[in-house]
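Heads up, the thing below is written out as C-alpha cells.
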Ligand code: IPE
Ligand code: IPE
Ligand code: MG
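Residue numbers (this note's numbering): 5 to 234.
Given below as C-alpha cells:
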C-alpha cells in the first residue's frame, strides 16, 4: 500500500457564496459551480486511487440559512444524483450518506436512497456525502445506542464507539482539506479526524481544480505522521 496517498480524504467544500458574490451573482450560482467542482474532484480522486472520499455538503447548522438557499441546495443535490448515480454505478463508486437522512426533504431522501441502493457493492471507491451532518450529534447518537442496547460500562470501547458512527467500517480520514480560507472544522468528523493531517487553502471551492488537489496531495505526501511516537 502506498502510504504517501491518503486512503480517505475528507473535504470541507467552503466558499461557494463568496465565489458568487465576487462576481456580483446570486449565491445559488456559486452552489451550482460548486457542484461542478464536486464532479471534477471525485473523478480525480478515483483516478488517483483514493478509496474513500467524504464531502461536507450540508451541516446540521446549515438549516439556519434562508429557506430559499436550502431549497436550492437540495434541488441541486437531486440534479447531481440524477446525473451522477448512473456514472457512479458504472465506475464502481458506492454512495453513502453521513448524517440524519430522516430530516431531509422527501425528494432528496428518496433520490439518495435510490442512489445508495444502485451503487451498493461499488468496490473501487466509497463516496460519503455528509448531509444534515454534525459531529456532536453523531456522538450523542452513538451514546444513545449504547444505552438502548443496555451496554455495561466495559462495553463502551473506542472500537465499539467507532462502529456506531456514520463512518462505521471505513478507515479514518488521513487528510482533511478545507477550501475557502477559514481554518476551522465546523463540527465535521471530530472523532474520526483525531489524527488527520489538516490542510487549509484560500482557494474557493468552485475554483478548486486538478492542480490544487495535486498540490495538496504533494503536501500530504511530505508530512511526517507520527501518531504520538518518535
Ligand atoms: C459551502 O459554501 C457550501 C455549503 C455550506 C452548503 P458556502 O455557502 O458556505 O460559501 P461561503 O462560505 O458563504 O462563501
Ligand atoms: C461548513 O461550511 C459546512 C459545509 C461546507 C457544508 P460553513 O460555511 O457552513 O461553515 P462556517 O459557518 O463558516 O463555520
Ligand atoms: Mg461557508
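Idealized CB from N, CA, C, for every residue including glycine.
ask   = Thinking C-beta only, is residue 78 closer than 9 Å to residue 39?
value = no
ask   = Run through DSSP, which three-state label would residue 17 get?
value = coil
ask   = Anyone know if the C-beta pair for residue 180 and residue 137 falls short of 9 Å?
value = no
query = Would you report the Cα separation of residue 35 and residue 91, rounded to the nearest angstrom?
reply = 21 Å
ask   = Can you list, in chain order, every residue whose CB sits closer than 7 Å to a heavy atom of ligand 1?
value = 17, 18, 19, 20, 21, 22, 23, 31, 34, 35, 38, 61, 62, 63, 66, 77, 184, 208 and 209
inquiry  = Across the segment 36-56 and the segment 201-220, are there enough close Cβ pairs to call them in contact, namely three or more that are closer than 8 Å?
reply    = yes
Close beta carbons around residue 185, own chain, < 6 Å, minus the five adjacent residues each side = 206
ask   = Cβ of residue 134 versus every heavy atom of ligand 2: is any distance shorter than 8 Å?
value = yes
query = By the 10 Å Cβ neighbour count, where 16 or more other Cβ atoms means buried, how is residue 23 classified, buried or exposed?
reply = buried
task = Inspect the beta-carbon positions of residue 127 and residue 89 and report whether they are closer than 9 Å.
result = no
message = Is it buried or exposed, residue 160, if we count other Cβ atoms within 10 angstroms and call 16 or more buried?
response = exposed
key: residue 10 burial status per 10 Å Cβ neighbour count (16 or more: buried)   = buried
ask   = Whose CA, out of 7, 8 and 41, lies closest to the CA of residue 20?
value = 41
task = Taking only runs that begin and end inside the segment 83-171, name each unbroken alpha helix (DSSP H) of 4 or more residues, in chain order.
result = 110-123, 139-152 and 162-166
query = Can you tell me where the beta strand (DSSP E) with residue 208 in it begins and where it stops?
reply = Premise fails: residue 208 is in no beta strand (DSSP E) and is neither H nor E.
query = Between which two residues does the alpha helix (DSSP H) harbouring residue 217 extend?
reply = 214-226
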